[in-house]
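Participant: Counting from 1, one number per residue, gives the positions in the sequence shown under UniProt numbering.
The structure under discussion is supplied below as structure tokens; questions concerning it will follow.
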Amino acid sequence: MRKSRLNITPYLLVAPAFILMILIVGYPILNSIYMSFLDYTLYKPKNIEFVGLANYLKVLNDPIFKEALLNTILWVVFGVFFQFLFGLILAMLLNREFKGRGFIRSIILIPWVTPGVLIGLMWTWMYDGNYGVINDILSKLHIIDNYIPWLASSNTALASVIVTIIWQGIPFFAIMLLTGLQAIPIELYEAAHVDGASSWRTFWHITMPLLKPTILVSSLLRIIWVANSVDVIYTMTGGGPGYSTHTLSVYTYIKAQKALDFGYSSTLAIYLTLILSSVAFLYLKNLNLKEVR
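The following block contains the structure:
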């Protein structure tokens, strides 16, 4: 009898956390799946109907969904890539010894810890077509002749918010990659120097391979976070002009909070979840295959 109690002890210890996770995570997911099969709009609370797969089929024929999906791909690919690129450059610089390095390491976290709504407001003022500092600087440098309405034009709005999310995410990659750089044994660089390896070869054959696990994990996290982010885009453009800055997360938010169409917004959320889950699965599967090889 005592042996049986000892066997179930670990399960009893993790049970509270597991139950809490089901309540906090599992219930909202199941409720969203349930609502995705309903015609559930708060404008007509007495006319909630079960519609089966109608919402899922409607999404596939929704031109706004297709535009939002394309915008999401551009938003994530360009946003995460340049966050990583500039983050890596910054991490390499901060890995060197120089006066004031500790202070700079502290202040680079400011974009990362600043709330997304505040970042959106700040960059909205900077992009202002009449008084924005960006237009002023570009004009004084003679790069542009006339002020550009960055957020009011469908040609520049998406690129403008992508620049904002890049600025916000650089510190995350910088800190993550700096941690990885500092874990690389200095003896490897010393041996490469003795063998006459150039800085470029040392970077590609020592630094990058040893940083690979950090790069893969941090990139996957940022892909998920950027794809799900709403605050920066919605604060800056509200998804406009038109649908030019609609991403799947923004479209889902607008359908739920503005149109009060919980059935359709739940369906959009399920599609986004399936897309991100598929990306994460393929990403991790590819990583495991490379490790086996």
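Built from N, CA and C at the ideal position, the CB exists for glycine as well.
Please read these numbers as outputs of a predicted model, since none were measured by experiment.
The ligand FMN and Gly102: does any heavy atom of the ligand fall closer than 7 Å to the residue's C-beta?
Facilitator: This structure does not include the ligand FMN; it has no bound ligands of any sort.
Participant: Whole angstroms are fine: how far does the CA of Asn61 sit from the CA of Leu216?
Facilitator: Taking the sequence shown and counting its residues from 1, the one referred to as residue 216 is at position 216. Taking the sequence shown and counting its residues from 1, the one referred to as residue 61 is at position 61. When rounded, the distance between both Cα atoms is 34 Å.
Participant: Near Arg201, which residues of its chain fall below 8 Å by C-beta distance, leaving aside the five closest residues on each side in sequence?
Facilitator: Reading the sequence shown from its first residue, position 201 is the one you call residue 201. Excluding residues within five positions, the ones whose Cβ falls inside 8 Å are Ala192.
Participant: Taking Met176 as the reference, give the member of Asn31, Lys212, Ile270 with the closest Cα.
Facilitator: Mapped onto the sequence shown, residue 176 falls at position 176. Closest by alpha carbon: Lys212.
Participant: For Asn55 and Ser36, what's the separation of their Cα atoms in angstroms?
Facilitator: For the purposes of this step, residue 55 is taken as the residue at position 55 of the sequence shown. For the purposes of this step, residue 36 is taken as the residue at position 36 of the sequence shown. Their Cα atoms are separated by approximately 7 Å.
Participant: Given a cut-off of 8 Å on the beta-carbon distance, is the pair Leu260 and Thr41 in contact?
Facilitator: The sequence position of residue 260 within the sequence shown is 260, counting from 1. The sequence position of residue 41 within the sequence shown is 41, counting from 1. Their beta carbons are under 8 Å apart, which means Leu260 touches Thr41 by this criterion.
Participant: Apart from the five residues just before and just after Leu284, which ones in its own chain have a Cβ nearer than 6 Å to its Cβ?
Facilitator: Here residue 284 corresponds to residue number 284 of the sequence shown, with the count starting at 1. So no residue of the chain qualifies.
Participant: Have a look at the DSSP bridge pairing and note the partners of Asp261.
Facilitator: Residue 261 sits at position 261 when you count from the first residue of the sequence shown. DSSP lists Thr41 as partners of Asp261.
Participant: Out of Gly87, Val59, Asn135, which one is the CA nearest neighbour of Ile143?
Facilitator: The sequence position of residue 143 within the sequence shown is 143, counting from 1. Here the closest residue by C-alpha is Asn135.
Participant: Comparing alpha-carbon positions, which option in Tyr34, Val76, Leu57, Lys58 lies nearest Ser249?
Facilitator: One-based indexing of the sequence shown puts residue 249 at position 249. Nearest of Tyr34, Val76, Leu57, Lys58 to Ser249, Cα basis: Val76.
Participant: Spell out a yes or no on whether the stretch 96–115 and the stretch 163–170 are touching, meaning 3 or more CB-CB pairs, one atom from each, closer than 8 Å.
Facilitator: Cβ pair count under 8 Å is three or more, so yes.
Participant: Measuring straight from C-alpha to C-alpha, what distance separates Glu187 and Tyr234?
Facilitator: In the sequence shown, counting from the first residue as 1, residue 187 sits at position 187. In the sequence shown, counting from the first residue as 1, residue 234 sits at position 234. Their Cα atoms are separated by approximately 49 Å.
Participant: Locate the alpha helix (DSSP H) running through Leu121, then write down its first and last residues.
Facilitator: Along the sequence shown, one-based indexing puts residue 121 at 121. 116–126 is the span of the alpha helix (DSSP H), which, as asked, contains Leu121.
Participant: To the nearest angstrom, how far is it from the Cα of Glu49 to the Cα of Thr267?
Facilitator: As a position in the sequence shown, residue 49 is number 49, starting the count at 1. As a position in the sequence shown, residue 267 is number 267, starting the count at 1. Rounded to whole angstroms, Glu49 to Thr267 spans 15 Å at the Cα level.
Participant: In whole angstroms, what is the alpha-carbon distance linking Phe98 and Pro185?
Facilitator: Translated into positions along the sequence shown, residue 98 becomes position 98. Translated into positions along the sequence shown, residue 185 becomes position 185. So the alpha carbons of these two residues sit roughly 20 Å apart.
Participant: For Ile89, report the span of its alpha helix (DSSP H) as first-last.
Facilitator: Stepping through the sequence shown from its first residue, residue 89 is reached at position 89. 63–94 is the extent of the alpha helix (DSSP H) around Ile89.
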